[in-house]
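Inspection log for the structure reproduced underneath, given as structure tokens.
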Amino acid sequence: MTDVSQLSPMHQQIYTLPNLLASITDPFDVSARETFSFEMCTSIKQIYLVGCGDSFHGPVGAELAFNQITGVPTRAVSSMQFSHYTAGFLPNTGPNTTLVITVSVSGVVSRTIEALRLAQSVGAIGVALTGNPDANLAAHAQHVFKTTVPPLPDEMKGMIVPGVRSYTASQIGLYSAAIRIGEVRGHISTLQADKLRAELKSLASTAAATIETCHPIAHDLVREWEDLREFVFVGAGPNYGVAMFSAAKVLEASGDPAWAQDVEEWAHIQYFSAEAATPTTFISVGDQGGFDQQRTAEVVNAANAIGRRTAGVLPEQEKEVSSLVKTKLPIMGAVREAFYPVVASIPGELIAAERAEHQGTEYFQAFGGGRHSSRGDQTSRIYDSIQLDEVNR
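Numbering that gives the first Met the number 0 numbers the first residue of the sequence shown as 0 and each following residue consecutively.
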């Protein structure tokens, strides 16, 4: 058993994820039932999942689940793209037929607040999925889906680390919403809905086993890759969201350039990158039900052929893609592709934590070089950016 107290702050938070998953699944299901009424669920004809940063990566990972479970066409859109380029052109499907779920753990991000306000101004149903029901996002929302997480243990409070708990909470909130909507609409039966809820609860044990198994592998990989200064994470569908999140954690933790790419797009773009040995990590369910199985196998072969150091975040039982990558970071349990992002994000988190520790770098570059950590930051202005009053057309 790992002595968590001896680990880095980011490692410590990663090790809290199994308990977090066990503690939030039931309360978030209750919150979903309270938020998404019968009238709302049965009237909607299209859904948009909107957020920034990690709160956009979560929606990208959840889009497949919404399409499969709710039976309602769903798109994940970044807050900027939605508020400035989408809200003014929403299809006219009638009153109360467009649902926009905006995701922000803090509830104070300007672009996401703007997206919610503008969505509601053109007749969409607005839901704020947030861990801070007293913040501005919730104050502007017609409906609030509370996804508040339990506090950290006392010894971990006050740590400023790349976020892993908040992202996980947002994912479970989104999946809980999808199950609720699909059940109310009759797209899935109550028996099927309860089975899906049980699958979400089982992810706690899968996460625990995955952390214990992948931690030493990530430790060794980072040392094998220590001479390289760029990282690429590749996925399709929900796993493109995982790729974006994994790249973000490396960038936040160690400051190294890290990129996310779609499987097909890698073959069109990163295939021509000059650095042959670039660590390239593929995230897939592979032959365990992945819609991307065949193409991912082809692209891994291409990556190997040009000298990439390939790794794979793959189910323990997966064979085809596993036989092609140079290193496997196994997900220790059977997880459907739609829910895979919850646990498939763990290996990338571990790589980020290991890289920062091994390089001796401070998270977020210690907010130096003109950066600021406060919400009054006048450089990035994430929290006080000027907002649109009306949609663009």
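Built from N, CA and C at the ideal position, the CB exists for glycine as well.
Please read all numbers here as calculations on a predicted model, not as lab measurements.
Margin query: Quick check: what's the CA-CA separation for S245 versus D53?
Written below: Working through the sequence shown from its first residue, we reach residue 245 at position 246. Working through the sequence shown from its first residue, we reach residue 53 at position 54. Going from the Cα of S245 to the Cα of D53 covers about 10 Å.
Next item on the list: Starting from I333, trace the alpha helix (DSSP H) both ways and give me its first and last residue.
Entry: Here residue 333 corresponds to residue number 334 of the sequence shown, with the count starting at 1. Sequence inspection shows Ala at residue 333; the Ile mentioned does not correspond to that position. Here A333 belongs to no alpha helix (DSSP H), and DSSP marks it neither H nor E.
Margin query: Quick check on T326: does DSSP put it in helix, strand or coil?
Written below: Counting from one through the sequence shown, the residue named residue 326 turns up at place 327. Three-state result, T326: strand.
Notebook entry, point to check: If you draw a straight line from the C-alpha of G185 to the C-alpha of A351, how long is it?
Noted result: Working through the sequence shown from its first residue, we reach residue 185 at position 186. Working through the sequence shown from its first residue, we reach residue 351 at position 352. Distance between the alpha carbons of G185 and A351 is about 41 Å.
Next item on the list: Indicate whether the contact test is met: 3 or more Cβ pairs, each with one atom in the segment 215-224 and one in the segment 311-323, closer than 8 Å.
Entry: no
Check: Is it a yes or a no for the segment 75-93 touching the segment 340-355, going by three-plus beta-carbon pairs under 8 Å?
Finding: no
Check: Which two residues bound the contiguous alpha helix (DSSP H) that contains I216?
Finding: Taking the sequence shown and counting its residues from 1, one reaches residue 216 at position 217. Taken as a continuous stretch (DSSP letters only), the alpha helix (DSSP H) holding I216 covers T189 to E223.
Checklist line | Residues that W258 bridges to, as DSSP identifies them | finding: By 1-based counting over the sequence shown, the position of residue 258 is 259. In DSSP, W258 forms a bridge with V231.
Item checked: As assigned by DSSP and simplified to three states, the class of T92 -> In the sequence shown, counting from the first residue as 1, residue 92 sits at position 93. Residue state, collapsed to three classes: coil.
Item checked: Straight-line Cα distance separating V390 from R116 -> Taking the sequence shown and counting its residues from 1, the one referred to as residue 116 is at position 117. Taking the sequence shown and counting its residues from 1, the one referred to as residue 390 is at position 391. Computed Cα separation, rounded: 10 Å.
Item checked: Span of the beta strand (DSSP E), counted from its first residue to its last, around I282 -> Taking the first residue of the sequence shown as 1, we reach residue 282 at position 283. Run containing I282: P278 to I282, per the beta strand (DSSP E) assignment.
Margin query: Quick check on the DSSP output: the alpha helix (DSSP H) that includes Y239 runs from which residue to which?
Written below: For the purposes of this step, residue 239 is identified with residue 240 of the sequence shown, where counting begins at 1. P237 to S253 is the span of the alpha helix (DSSP H), which, as asked, contains Y239.
Note to self: Do D255 and E223 count as a contact pair if the criterion is CB distance below 8 Å?
What the structure shows: Counting from 1 along the sequence shown, the entry for residue 223 is found at position 224. Counting from 1 along the sequence shown, the entry for residue 255 is found at position 256. Cβ atoms of E223 and D255: not closer than 8 Å.
Next item on the list: Answer with buried or exposed for Q364, where buried requires no fewer than 16 other C-beta atoms within 10 angstroms of its C-beta.
Entry: Reading the sequence shown from its first residue, position 365 is the one you call residue 364. The residue in question, Q364, is exposed, as its Cβ has fewer than 16 Cβ neighbours within 10 Å.
Next item on the list: Return the first residue and the last residue of the beta strand (DSSP E) that G311 is part of.
Entry: Taking the sequence shown and counting its residues from 1, one reaches residue 311 at position 312. Taken as a continuous stretch (DSSP letters only), the beta strand (DSSP E) holding G311 covers R308 to P314.
Item checked: Length-filtered (4 minimum) alpha helix (DSSP H) runs lying within the segment 8-90 -> 8-13, 16-34, 37-42, 53-69 and 78-84
Margin query: Three or more C-beta pairs under 8 Å: does that hold for the segment 30-45 against the segment 178-194?
Written below: yes
Item checked: Buried/exposed call for K44, threshold 16 Cβ in 10 Å -> For the purposes of this step, residue 44 is taken as residue 45 along the sequence shown, with counting starting at 1. Answer is exposed; the Cβ neighbour count stays below 16.
Check: Do V249 and I282 have their C-beta atoms within less than 8 Å of each other?
Finding: Position 250 of the sequence shown, counted from the first residue, corresponds to residue 249. Position 283 of the sequence shown, counted from the first residue, corresponds to residue 282. Their beta carbons are not under 8 Å apart, which means V249 does not touch I282 by this criterion.
Note to self: Let me check understanding here. Comparing Cα to Cα, which of G236, A137 and A275 lies closest to A259?
What the structure shows: For this step, residue 259 is matched to residue 260 along the sequence shown. Nearest option by C-alpha distance: G236.
Notebook entry, point to check: In the structure shown, what three-state DSSP assignment does G285 receive?
Noted result: Stepping through the sequence shown from its first residue, residue 285 is reached at position 286. Note: G285 maps to coil in three-state DSSP.
Next item on the list: For the beta strand (DSSP E) holding H142, just list the boundary residues, first then last.
Entry: Counting from 1 along the sequence shown, the entry for residue 142 is found at position 143. First-last of the beta strand (DSSP E) with H142: H142 to K145.
Notebook entry, point to check: Where R335 and Q67 are concerned, what is the direct C-alpha to C-alpha distance, given to the nearest angstrom?
Noted result: Here the question's residue 335 lines up with position 336 in the sequence shown. Here the question's residue 67 lines up with position 68 in the sequence shown. The alpha-carbon atoms of R335 and Q67 are separated by roughly 12 Å.
Note to self: On the DSSP bridge list, what partners appear for L98?
What the structure shows: Position 99 of the sequence shown, counted from the start, is the residue given in the question as residue 98. I46 and I124, per the DSSP bridge assignment.
Item checked: Classification of Q287 by the beta-carbon crowding that lies within 10 angstroms, buried from 16 upward -> Taking the first residue of the sequence shown as position 1, residue 287 is located at position 288. Q287 comes out buried.
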